[in-house]
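Number of protein chains: 2
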Amino acid sequence: MNLILLSPQDIIAEGCAVVRDPRRLRHLRDVHRVTPGARLTVGLAGGQMGKAELTALSDEQATFHFEPLAETPPPALPVHLVLALPRPRMLARTLEHVTALGVKDITLLHTRRVEKSYWQSPELMPEKIHQHLVLGLEQARDTQLPDVTLRRGFRPFVEDVLPELLANRRGLVAHPGMAQTCPRALTEPTLLAVGPEGGFIDWEIDQLLAAGCEGMHMGPRILRVETAVTALLARLF
Amino acid sequence: MNLILLSPQDIIAEGCAVVRDPRRLRHLRDVHRVTPGARLTVGLAGGQMGKAELTALSDEQATFHFEPLAETPPPALPVHLVLALPRPRMLARTLEHVTALGVKDITLLHTRRVEKSYWQSPELMPEKIHQHLVLGLEQARDTQLPDVTLRRGFRPFVEDVLPELLANRRGLVAHPGMAQTCPRALTEPTLLAVGPEGGFIDWEIDQLLAAGCEGMHMGPRILRVETAVTALLARLF
Numbered sequence: 203m204n205l206i207l208l209s210p211q212d213i214i215a216e217g218c219a220v221v222r223d224p225r226r227l228r229h230l231r232d233v234h235r236v237t238p239g240a241r242l243t244v245g246l247a248g249g250q251m252g253k254a255e256l257t258a259l260s261d262e263q264a265t266f267h268f269e270p271l272a273e274t275p276p277p278a279l280p281v282h283l284v285l286a287l288p289r290p291r292m293l294a295r296t297l298e299h300v301t302a303l304g305v306k307d308i309t310l311l312h313t314r315r316v317e318k319s320y321w322q323s324p325e326l327m328p329e330k331i332h333q334h335l336v337l338g339l340e341q342a343r344d345t346q347l348p349d350v351t352l353r354r355g356f357r358p359f360v361e362d363v364l365p366e367l368l369a370n371r372r373g374l375v376a377h378p379g380m381a382q383t384c385p386r387a388l389t390e391p392t393l394l395a396v397g398p399e400g401g402f403i404d405w406e407i408d409q410l411l412a413a414g415c416e417g418m419h420m421g422p423r424i425l426r427v428e429t430a431v432t433a434l435l436a437r438l439f
Numbered sequence: 203m204n205l206i207l208l209s210p211q212d213i214i215a216e217g218c219a220v221v222r223d224p225r226r227l228r229h230l231r232d233v234h235r236v237t238p239g240a241r242l243t244v245g246l247a248g249g250q251m252g253k254a255e256l257t258a259l260s261d262e263q264a265t266f267h268f269e270p271l272a273e274t275p276p277p278a279l280p281v282h283l284v285l286a287l288p289r290p291r292m293l294a295r296t297l298e299h300v301t302a303l304g305v306k307d308i309t310l311l312h313t314r315r316v317e318k319s320y321w322q323s324p325e326l327m328p329e330k331i332h333q334h335l336v337l338g339l340e341q342a343r344d345t346q347l348p349d350v351t352l353r354r355g356f357r358p359f360v361e362d363v364l365p366e367l368l369a370n371r372r373g374l375v376a377h378p379g380m381a382q383t384c385p386r387a388l389t390e391p392t393l394l395a396v397g398p399e400g401g402f403i404d405w406e407i408d409q410l411l412a413a414g415c416e417g418m419h420m421g422p423r424i425l426r427v428e429t430a431v432t433a434l435l436a437r438l439f
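Protein sequence lines correspond, in order, to chains R and Z.
Under our numbering, the final residue of the first sequence carries the number 439; numbering is consecutive throughout.
Under our numbering, the final residue of the second sequence carries the number 439; numbering is consecutive throughout.
(1) Output, in chain order, the set of chain Z residues within a Cβ distance shorter than 7 Å of Ile424 of chain R.
(2) If the criterion is Cβ atoms closer than 8 Å, does the pair Pro238 of chain Z and Ala258 of chain Z meet it?
(3) How many angstroms separate the CA atom of Ala302 of chain Z from the CA atom of Pro270 of chain R?
(4) Please confirm if the segment 396-412 of chain R is in contact with the segment 309-326 of chain R, defined as three or more CB-CB distances below 8 Å between the two stretches.
(5) Mapping the DSSP letters down to three states, classify Met420 of chain Z as helix, strand or coil.
(6) Report the three-state DSSP secondary structure of Val305 of chain Z (helix, strand or coil).
(7) Smallest Cα separation from Gly373 of chain R: which of R:Pro422, R:Gln250, R:Val284?
(8) Quick check on the burial criterion: 16 or more other C-beta atoms within 10 angstroms. Buried or exposed for Val445 of chain Z?
(9) Measuring only the C-alpha atoms, how far is Lys330 of chain Z from Val431 of chain R?
(10) Residues in its own chain within less than 7 Å of Glu340 of chain R by CB, not counting five upstream and five downstream?
(11) Using beta carbons (cut-off 8 Å, strictly below), is Gly421 of chain R in contact with chain Z?
(12) How many angstroms separate the CA atom of Leu337 of chain Z from the CA atom of Leu367 of chain Z?
(13) Taking only beta-carbon atoms, is His312 of chain R less than 8 Å away from chain Z?
(14) According to the Cβ coordinates, are Leu438 of chain R and Leu388 of chain R closer than 8 Å?
(15) Pair every Cβ in the segment 379-394 of chain R with every Cβ in the segment 407-423 of chain R, then say whether three or more of these pairs are closer than 8 Å.
(16) DSSP three-state call for Ala240 of chain Z: helix, strand or coil?
(17) DSSP on Met251 of chain R, reduced to helix/strand/coil?
(18) Measure the alpha-carbon distance for Leu425 of chain Z versus Tyr320 of chain Z and round it to whole angstroms.
(19) Check the DSSP bridge columns for His282 of chain Z and list the partner residues they point to.
(20) Does the Cβ-Cβ distance between Pro275 of chain Z and Gln346 of chain Z come in under 8 Å?
(21) Distance check for Val360 of chain Z and Gln409 of chain Z, CA to CA, integer angstroms please.
(22) At which residue ranges does the segment 334-377 of chain R contain complete alpha helix (DSSP H) runs of 4 or more residues, listed in the order of the chain?
(23) Under 8 Å, do Gly252 of chain R and Ala272 of chain R count as touching if we go by C-beta distance?
(24) From this set, Z:Ala278, Z:Asp349, Z:Pro324, Z:Leu352, which residue's C-alpha is nearest Arg343 of chain Z's C-alpha?
(25) Can you tell me whether DSSP reads His312 of chain Z as helix, strand or coil?
(26) Does DSSP put Thr383 of chain Z in a helix, in a strand, or in coil?
(27) Quick one: using the 10 Å Cβ neighbour count with 16 as the cut-off for buried, is Gly217 of chain Z buried or exposed?
(28) Between Val220 of chain R and Lys306 of chain R, what straight-line distance do the alpha-carbon atoms span, to the nearest angstrom?
(29) From the DSSP secondary-structure annotation, give me the bridge partner or partners of Thr265 of chain Z.
(30) For the putative contact between Ala294 of chain Z and Gly397 of chain Z, defined by C-beta atoms under 8 Å, what is the C-beta separation to the nearest angstrom?
(31) Assign His267 of chain Z to one of two classes, buried (16 or more other C-beta atoms within 10 Å of its C-beta) or exposed (fewer than that).
(32) Does the beta-carbon of Asp212 of chain Z have 16 or more other beta-carbons within 10 angstroms, so that it is buried, or is it exposed?
(33) Using a Cβ-Cβ cutoff of less than 6 Å, which residues in the same chain neighbour Val236 of chain R once the five nearest sequence positions on both sides are dropped?
(34) Considering Cα atoms alone, identify which of Z:Leu364, Z:Pro348, Z:Pro328 is closest to Gly355 of chain Z.
(35) At least one CB of chain Z closer than 8 Å to the CB of Ile304 of chain R: is that the case?
Next up, the structure:
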């Protein structure tokens with residue numbers, strides 16, 4: 203927790219916030235081991251960041267005071283990530299990694315090799331997804347929550363949604379066996395599609411290429427989804 | 203398990219291997235769901251890879267037959283990774299990520315902000331480390347086990363070991379606040395030093411720079427060690 207992300211309900215008066223949830227209180231006590239007087243980095247969800255002073259700490263709450271926050275959060279990556287829904291534990295970790303790396307638009311997509319049961323996982327409940335996004339922001343010192351959209355149909359996504367997303371973005375599909383290697387140091391708006399364990403099926407690749415995506419690969423190694431996504435984002439941007 | 207890594211004791215005759223350990227048997231049955239006749243990718247630890255036929259499968263063992271294996275494993279990354287010892291669970295995952303990415307030389311180093319208790323973790327026992335390396339190789343379809351060295355003293359490492367490592371390698375230290383951004387697409391032999399959660403202390407950075415390393419950074423975001431290492435390797439190579 204390199205930043206304490208303050209939601210509107212944490213702010214009790216101008217320049218004063220109170221944190222009451224057990225997770226953050228425990229972290230402040232057991233990891234930061236802070237006492238009143240300590241100065242910590244805070245940020246307003248969706249807003250500015252800066253230093254705040256811990257003015258009181260009890261078993262029930264931590265109180266912070268701060269001057270108007272003047273620091274802007276770090277820049278976002280210019281990418282819309284379209285990710286075949288990973289299995290639940292992998293999803294949790296991947297959401298944290300990509301949020302920490304600065305992704306702000308995430309579509310979780312059904313594809314042929316996504317197990318249907320994954321869509322029933324409690325990890326997909328909005329509050330669970332929110333938790334992982336917050337962990338990623340707290341790690342990276344960022345305040346801008348990513349937007350996560352669930353798409354349970356591949357064909358409707360490709361036919362009805364993808365064309366609009368590609369209207370002002372360069373589309374890339376990471377897939378073994380494509381001719382192009384992963385490009386580097388992009389600054390233009392990009393859409394990155396990443397398949398499930400086992401990959402997209404040929405028909406899905408054909409559809410994505412037909413919609414205007416370029417195929418590219420990361421080399422001969424088969425990577426787990428969480429490793430692959432982090433590696434792709436680091437190389438692309 | 204995208205490759206079945208065969209150790210010398212798995213080979214019972216030329217072109218014939220028997221796998222008996224419960225982990226791999228369970229994976230073959232429950233994940234691959236194979237039956238005799240299936241063709242799977244196998245590789246000899248430290249050697250060649252290729253296809254093998256599963257000729258028998260019982261509760262106790264799986265028998266494979268294969269022609270001489272002709273495929274060479276994927277190329278390694280030209281990097282010696284010097285990593286401040288992460289906390290045990292992070293270490294486990296990081297070893298799997300970096301092995302999958304192709305790192306072959308890993309030094310786990312003590313630094314000031316590494317908790318001393320981490321050195322007592324069972325995750326550091328050679329057989330536990332070996333397990334994670336094998337998982338990384340099985341994931342990426344590789345047969346070349348990385349070499350892992352433990353260095354419990356920062357000063358002896360910097361004074362006695364680092365100069366020799368840097369004799370024929372470009373040294374890089376990833377650290378927030380350095381002037382240079384992370385270079386890209388290197389092909390030369392490289393040493394990459396990555397600090398612990400909380401970073402190297404100033405004295406350690408001074409020592410690493412004095413020894414000939416260049417400082418560089420990955421941007422304003424603070425990343426977890428496992429995310430940072432994957433991102434650094436993907437950007438550097």
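Think of the CB as a built atom: it goes at the ideal place given N, C-alpha and C, for glycine as much as any other residue.
Here's the rundown:
(1) Asn204, Gln341, Ala342, Arg343
(2) yes
(3) 46 Å
(4) yes
(5) coil
(6) coil
(7) R:Val284
(8) With chain Z covering 203 to 439 only, the question about residue 445 of chain Z has no answer from this structure.
(9) 26 Å
(10) Met203, Asn204, Leu205, Leu207
(11) yes
(12) 27 Å
(13) no
(14) yes
(15) yes
(16) coil
(17) strand
(18) 20 Å
(19) Z:Asp307, Z:Leu393
(20) yes
(21) 7 Å
(22) 364-367
(23) yes
(24) Z:Ala278
(25) coil
(26) strand
(27) exposed
(28) 27 Å
(29) Z:Val220, Z:Ala258
(30) About 19 Å; that fails the 8 Å criterion.
(31) exposed
(32) buried
(33) Leu230, Leu256
(34) Z:Leu364
(35) It should be noted that the sequence gives Gly, not Ile, for residue 304 of chain R. Chain Z contact via Cβ: present.
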